[in-house]
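To start, the structure under review is shown below, and the notes come after it.
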Amino acid sequence: MTSPIRALWEAPAASPAPPRRVWRDWVLVAVLPPLAFVEAALRPEVPGRWLWAALLVVLVPTLLWRRTHPLGILVTAFAAGTAMSLVMGGEPELFTTAYFLILVYAVMRWGTGRAALAASVILAIGILSPLLFGPPTVADVIGSLAVVVTTSTLGVAFRLRASARDRDLERMRSFEREQLARDLHDTVAHHVSAIAIQAQAGMAVAASDPEAATAVLRVIESEASRTLDEMRSMVRILRRDDAVELAPVAGLGDLPRLAQLGGEGPDVVVTLTGSVDAVPPAISAAGFRIAQEAVTNARRHAVGATRVEVSVLVDAAGVRLDVHDDGESTGSPVPGYGMAGMAERAALVGGSCQAGAVAGGGWTVSAVLPRSGWSA
819 MTSPIRALWE
829 APAASPAPPR
839 RVWRDWVLVA
849 VLPPLAFVEA
859 ALRPEVPGRW
869 LWAALLVVLV
879 PTLLWRRTHP
889 LGILVTAFAA
899 GTAMSLVMGG
909 EPELFTTAYF
919 LILVYAVMRW
929 GTGRAALAAS
939 VILAIGILSP
949 LLFGPPTVAD
959 VIGSLAVVVT
969 TSTLGVAFRL
979 RASARDRDLE
989 RMRSFEREQL
999 ARDLHDTVAH
1009 HVSAIAIQAQ
1019 AGMAVAASDP
1029 EAATAVLRVI
1039 ESEASRTLDE
1049 MRSMVRILRR
1059 DDAVELAPVA
1069 GLGDLPRLAQ
1079 LGGEGPDVVV
1089 TLTGSVDAVP
1099 PAISAAGFRI
1109 AQEAVTNARR
1119 HAVGATRVEV
1129 SVLVDAAGVR
1139 LDVHDDGEST
1149 GSPVPGYGMA
1159 GMAERAALVG
1169 GSCQAGAVAG
1179 GGWTVSAVLP
1189 RSGWSA
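Residues 819 to 1194 (this note's numbering) are what the sequence shown spells out, left to right.
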């Protein structure tokens, strides 16, 4: 076999899978039989019109299975129609025999590649079958061929469109899953990290300074409450809850909040230069999440760090974000979800993000979010 034919031969059934029954099926089954008898009564010049009408009445219920067994139904209808043509000595002339075109469409729309090839052979035989009853005119051959090709093309076109739409939906689902994973990591992980740090501090001072331990517990309670609130908000959005209260998305202007974490761990110093309010919300939110994740990583993993500096510069080129800690340089760690999430967030707005140890000691996360496309 040549490659195109082999590819068609191995093609699976249509995706997404067809519905088993829809309301249109029952309408066709209810309407076509009466139409066949009405046409037979109004066209006395058609030979064998009542037999053809009766055959259609018998075959019409097969429409209910045309999606799940398209080739089998087409073969059944074709065999019955061919047998009737041989008995009557001519092709059907009733307009309601267009029922057969519905089956052709079904094979091309829902069937496998093998079913489509088999249907093509059957249709070729059907187009050439009038030769058994006499030489057909050129107009008849061209007309039959045009109708069959048009019907088949429609089936293939709708099949490809549905398949493309299904792929687009899957890409959207994948994008939403990645975005949700980033949000969960950047928000929940941030608060849980703060809780873990405060718990360690509380354990260290519990015996010697009960009041300090009590203050740590209050911070843990606050962080836990914020985590639960954010988790509930995400769940409400995912469940399409109309009662969800939407809060403004955090942006670069909210970075000073990172300096208010308190408790044990390195101090966080935030420096904002330029007009952060002029940054578009999407880019501002991406910058905040990157900084938040970088600060969380520094507080959790920077060995011996006493200070984390967050600096943001907004100028004509865009946004430059740097998060640097003064901990010990430990080389390049294995990238985790946090580093991957920071890079993805930067890439989504056309920027870049890099992280690594610096020569003077410590670890630096640098993100560049370009200004192209801003409304100034």
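Backbone N, C-alpha and C define an ideal beta-carbon position, used for all residues, glycine too.
For residue i, three-class secondary structure by DSSP
i, result
"Ser1184", "strand"
"Arg1125", "strand"
"Arg885", "coil"
"Ala1042", "helix"
"Asp984", "helix"
"Ala1068", "coil"
"Gly1179", "coil"
"Asp1027", "coil"
"Leu912", "coil"
"Thr930", "coil"
"Val864", "coil"
"Val974", "helix"
"Glu1111", "helix"
"Val1062", "The predicted model places Val1062 with a pLDDT of 49, which falls under 50 and marks its position as unreliable; any figure quoted below should be read in that light. Coil."
"Ala832", "coil"
"Val849", "helix"
"Arg839", "coil"
"Gly1097", "One point to set straight first is that residue 1097 is Val, not Gly, in the sequence displayed. In the structure shown, Val1097 sits in coil (DSSP, three-state: anything other than H, G, I, E or B)."
"Val965", "helix"
"Gly907", "coil"
"Ala859", "helix"
"Val939", "helix"
"Ala1033", "helix"
"Val922", "helix"
"Trp827", "helix"
"Val878", "helix"
"Val893", "helix"
"Val1010", "helix"
"Ala898", "helix"
"Gly1156", "helix"
Whole-angstrom C-beta distance between residue j and residue i, which should lie under 8 Å
i, j, result
"Val1086", "Val1113", "6 Å"
"Ala980", "Ala829", "The pair is not a contact, with the Cβ atoms about 14 Å apart (cut-off 8 Å)."
"Gly973", "Arg927", "4 Å"
"Ile940", "Ser962", "Going by Cβ atoms, the distance from Ile940 to Ser962 rounds to 13 Å, so no, they are not a contact pair."
"Pro865", "Gly908", "6 Å"
"Ala1195", "Ala1116", "The structure shown has nothing for residue 1195, since the chain only spans 819 to 1194."
"Val1229", "Ala1096", "Since the first residue shown for the chain is 819 and the last is 1194, residue 1229 is missing from the structure and cannot be characterised."
"Gly1069", "Phe1106", "5 Å"
"Asp1031", "Ala1024", "Residue identity differs from the one stated: residue 1031 is Ala in this sequence, not Asp. So it is a contact: roughly 4 Å between Cβ atoms."
"Val1010", "Gly1020", "Contact flag wrong, Cβ pair sits at about 15 Å."
Cβ-Cβ distance between residue i and residue j below 8 Å
i, j, result
"Leu1131", "Thr1091", "yes"
"Leu892", "Ala937", "yes"
"Leu869", "Met906", "yes"
"Pro1188", "Gly1136", "yes"
"Ala1100", "Val1037", "no"
"Pro1074", "Val1126", "no"
"Arg1138", "Val1176", "no"
"Arg824", "Leu882", "no"
"Ile912", "Ala871", "Before going on, a small fix: residue 912 reads as Leu here, not Ile. Yes, they are a contact pair."
"Asp984", "Pro834", "yes"
Identity of the residues DSSP links to residue i by a beta bridge
i, result
"Gly1174", "Thr1182"
"His1142", "Glu1127 and Thr1182"
"Gly1136", "Asp1133 and Pro1188"
"Val1088", "Val1128"
Among the options, the one whose alpha carbon lies nearest that of residue i
i, options, result
"Leu826", "Thr930, Gly890, Met902 and Val875", "Thr930"
"Pro879", "Phe918, Ala859 and Glu1111", "Phe918"
"Leu873", "Gly899, Gly890, Arg885 and Leu882", "Gly899"
"Ala916", "Ala895, Leu935, Leu904 and Ala1177", "Ala895"
"Pro1216", "Ser903, Val847 and Tyr923", "Because the chain in this structure spans residues 819 to 1194, residue 1216 falls outside the shown range and cannot be described."
"Thr914", "Thr886, Leu935 and Val875", "Val875"
"Ile920", "Met1049, Ala942, Asp986 and Val847", "Val847"
"Ser1170", "Ala1104, Val966 and Gly1179", "Ala1104"
"Glu857", "Pro910, Thr1032 and Thr886", "Pro910"
"Val1141", "Gly1180, Arg1163 and Ala1165", "Gly1180"
"Ser1102", "Arg838, Ala982 and Asp1072", "Asp1072"
"Glu1146", "His1119, Gln1172 and Arg842", "His1119"
"Arg1044", "Ala964, Glu988, Ala1017 and Ile1013", "Ile1013"
"Glu1111", "Ala1134, Asp1133, Pro1098 and Ala1161", "Ala1161"
"Ser967", "Met1049, Ala934 and Ala1173", "Note that residue 967 is Val in the sequence shown here, rather than Ser. Minimum Cα distance to Val967 is reached at Ala934."
"Asp1144", "Gly1174, Ala1165 and Arg1163", "Gly1174"
"Pro837", "Glu863, Leu860, Arg885 and Pro1098", "Arg885"
"Ile943", "Leu1046, Trp844 and Ala897", "Ala897"
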